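Protein chains in written order, with the numbering used here: chain A, 109 to 389; chain B, 142 to 479. Here the structure comes first, spelled out in structure tokens, and everything after it is commentary.
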Amino acid sequence: MIQIINGLVYGSFLYVLAVGLVLIFGLRRVTNFAHGGFFMLGAYVSYAVAAYLGFWTGMVVSVAALAAFGVLLDRFVFRPLSSEEPIVTLLVTFGLLFVLEDAVRTIWGKNYISVAAPEALAGSVTIFGSQFPVYRLFVIAVAVTVALGLAIWLRSTRVGLYVRASSVDPVTTGMQGVDTDRLSALVVAIGTGLAGLSGTIAGPLMALSPSMGGYIIIDCFIVVVTGGLTSFTGAFVAALVIGQFHNLGLVYVPEVASVIPLLIMAVVLGLRPQGLAGAGK
Amino acid sequence: MSDAVTQRKPGVAAAVGAGPRVPTFVVAAAVLAAAGFAVPWLIDSQLALTLMTQAVIYAILATAIGFMIRQNGLTSFGHAAFFGMAVYLMALNGKFDAVPAELAVLAAIAVPAAFAFLAGLIIVRLPALSFSMLTLAVAQSLHELMLRWRELANGDDGMPVRLPSTLFGVDIELFQAPSTMFVVCWVVLVAVIALLTLVARSHFGVLTVAIRENEERTRYVGYHTLVPRALVFALSAAVGGLAGVLFALYNAFATPGALHWSLSGEALIMAVIGGPHAIWGPALGAVVFFVVKDAVGDLTEHWPAIIGATLIVVTVLLPQGVSGLLARFTGRRAASKP
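Written out as structure tokens, the structure is:
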């Protein structure tokens, strides 16, 4: 039972990371191969800030810094390359991943760094007769907040409407007078900001290292593709299912756990090539 | 792209057979392969030969990626999966003494190909973007698998590739001394490029280019489109596996690094630098890559940042790569995109 909740924690965390990519894909029809690098950078930034100003300030700074990075990414990478083939953007962001990993390794070194949970969340509670760290419940709460926040924002605000319209058809949305470039800057900023957020909450869950981005991107990409690339609900369901099974795998068959998400994906895509919630071609 | 059309003519000529005339590229390949034998006599430095042997092995991997881009229009960000799979198959066979090493060599080429074919049936149907994401994810999960499964593969410390004293009747020393291994790898590279050129010019090659350009229309004409694309992926994986076999023979050691995304990335960068429009482009890219790597010397500590930046610059400023640039100068074939 406690493992099911742990799976939920991992799934929640994956969702926060993956939904950032879904947002970016919706607007720009490309993916950010450096997303794992942004996640890692977010983790290190909040670690560095938290050492002086505490966990919560670290979180805010990390999200803000990564969002600012997102604006730059959109302005200097996505927008100028939007007339090119998507692969050009993939290659450029992939190059960025190399640069980011090198930068982080140079600044913070390649050793593992462990981060303590903030004091307010350091304890544990008793659930179903076993001890469970409060911090892990907090991760679930963050994911629920992000999911609800996004749902409300997308469904009941004007900007949210534009974002949804744009993810169905960016060209037509632009023709209707929506400034898709400004919208895209906002959405990419939210997407990378979420990478900063997930990097921050990952700190106390797993150790920090420059390779953490390369590790997490496996499940993240699988979740995004399995969910159907553009669907928030699809990403949500895929994150919870894949997070759950990967975590159970880590408990019962730790050696081969890393291939479980692949198998789930193979089954889903074998049956539904467009992904869980993706529209047909 | 005009490529499909210009490719057609030599394709038809090759299919008809065109009498006893030997195609120019076969002559060129034979001359190049022979030239490789001269290299160890011309270059004394073991260090240089070692570096060149590594370069040629990576050139084979880059050629595999380039062929995939050229024939399928799909970019693999995880070709280290096939390379590393071959390395580990060789290593694990040495550990468990399962089959003769000769058979392991063949398996190390066939297994990645079969894996790619089966995976390809699922993932080449996806949009190009998803394909790229998943190749990276698949390679990274194999990397995790070998890293985590310590009893099997000894994790991060890696494992030796135990080889018999002779392979295919040849002294194993031959595969481990730079002066002889360079020639072996060089001949393999030239043969691979010649073979892939032949495939690209065949009916099958033209068909896959047609699918790349417009899958729906090719289907309407009456072709199955899924299997040819999966086959291209399998062929590309086999070539990647072949590079892994050479690596395993030469270094006699396997580490998870052989599966890591940065290796896939480096090979992809070579392909992009060289330009995958020409089948020999990625191999040329590998040469450029290693020359640059040697030149930056002291800065190699920040090598990842350098290659990352190089990838960005080349992608934006030189989308056709060096081979595209050469083609433009010689004016032989308009390799530019419309």
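Each residue gets a CB set at the ideal place from its N, CA and C atoms; glycine is no exception. These figures come from a predicted structure and were not determined experimentally.
C-beta neighbour in chain A for residue i, strict 8 Å
i: M274(B); result: yes
i: W402(B); result: yes
i: P460(B); result: yes
i: G449(B); result: yes
i: G465(B); result: no
i: A278(B); result: yes
i: V457(B); result: yes
i: F470(B); result: no
i: E285(B); result: yes
i: A145(B); result: For A145(B), the predicted structure reports a pLDDT of 44, less than 50, and the residue's modelled location is therefore unreliable. A value from the coordinates is still provided. Not an interface residue.
i: K150(B); result: With a pLDDT of only 44 at K150(B), under the threshold of 50, the placement of this residue in the model should not be trusted; the figure read from the coordinates follows. So, not an interface residue.
When the options are compared against residue i, the one with the closest alpha-carbon
i: A318(B); options: Q281(B), L262(B) and L192(B); result: L192(B)
i: L304(B); options: L259(B), V246(B), W444(B) and I206(B); result: V246(B)
i: L205(A); options: I215(A), A175(A) and F147(A); result: F147(A)
i: G311(A); options: P188(A), F121(A), L116(A) and L269(A); result: F121(A)
i: P397(B); options: V328(B), L315(B) and W290(B); result: W290(B)
i: I201(B); options: W182(B), L275(B), F224(B) and S217(B); result: F224(B)
i: V428(B); options: A176(B), V362(B) and T194(B); result: T194(B)
i: Q111(A); options: R244(A), S191(A), I215(A) and L199(A); result: R244(A)
i: G422(B); options: M287(B), A468(B), S217(B) and V168(B); result: A468(B)
i: V367(A); options: D327(A), G342(A), P381(A) and V359(A); result: D327(A)
i: L277(B); options: G115(A), E363(A) and H143(A); result: H143(A)
i: L288(B); options: A399(B), L459(B) and Q187(B); result: A399(B)
i: A176(B); options: P164(B), Y199(B), V331(B) and L367(B); result: V331(B)
Proximity below 8 Å, CB of residue i to CB of residue j
i: F256(B); j: V265(B); result: no
i: V302(B); j: A196(B); result: no
i: T300(A); j: A211(A); result: no
i: G462(B); j: G416(B); result: yes
i: I410(B); j: R211(B); result: no
i: L305(A); j: V124(A); result: yes
i: E209(A); j: G307(A); result: no
i: V254(A); j: V127(A); result: yes
i: Q281(B); j: I195(A); result: no
i: N213(B); j: T349(B); result: yes
i: S292(A); j: L135(A); result: yes
i: A294(B); j: Y229(B); result: yes
i: L229(A); j: V242(A); result: yes
i: F316(B); j: L390(B); result: yes
i: V207(A); j: V185(A); result: no
i: I113(A); j: I309(A); result: no
Assumed close pair residue i, residue j - CB separation to whole angstroms, cut-off 8 Å
i: V169(A); j: S154(A); result: 7 Å
i: S464(B); j: L425(B); result: 6 Å
i: A412(B); j: A222(B); result: At roughly 16 Å, the Cβ-Cβ gap does not stay under 8 Å, so A412(B) and A222(B) are not in contact.
i: V332(A); j: M373(A); result: Between M373(A) and V332(A) the Cβ distance is about 10 Å, and since that is not below 8 Å, they are no contact.
i: A315(A); j: S222(A); result: 5 Å
i: L383(B); j: I184(B); result: Not a contact, Cβ separation roughly 24 Å.
Within-8 Å CB hit, residue i to chain B
i: L199(A); result: yes
i: T139(A); result: yes
i: L195(A); result: Before going further, note that residue 195(A) is Ile rather than Leu in the sequence given. Yes, I195(A) lies at the interface with chain B (some Cβ there is under 8 Å from its Cβ).
i: I309(A); result: no
i: G388(A); result: Here the model assigns G388(A) a pLDDT of 44, short of 50, so the residue's position is not dependable, and the following value carries that caveat. No, because no Cβ of chain B sits closer than 8 Å to the Cβ of G388(A).
i: G81(A); result: Any answer about residue 81(A) is impossible in this case: the structure gives chain A only from 109 up to 389.
i: S275(A); result: no
i: E227(A); result: no
i: G178(A); result: no
i: L205(A); result: yes
i: A347(A); result: no
i: F329(A); result: yes
i: A126(A); result: no
i: I221(A); result: no
i: L181(A); result: no
i: V212(A); result: no
DSSP state of residue i mapped onto helix, strand, coil
i: V269(A); result: For the sequence presented, residue 269(A) should be read as Leu rather than Val. L269(A): helix per DSSP, three-state reduction.
i: I131(B); result: Absent from the model: residue 131(B). The displayed extent of chain B is 142 to 479, so no value can be given.
i: L304(B); result: coil
i: I313(B); result: coil
i: Q212(B); result: helix
i: Q461(B); result: coil
i: P188(A); result: coil
i: I420(B); result: coil
i: P241(A); result: strand
i: F236(A); result: coil
i: F218(B); result: coil
i: F374(B); result: helix
i: D144(B); result: Only weak support is given to the placement of D144(B): the predicted model assigns it a pLDDT of 45, under 50, and the value that follows is read from those uncertain coordinates. The answer is helix: DSSP assigns D144(B) an H, G or I state.
i: I298(A); result: helix
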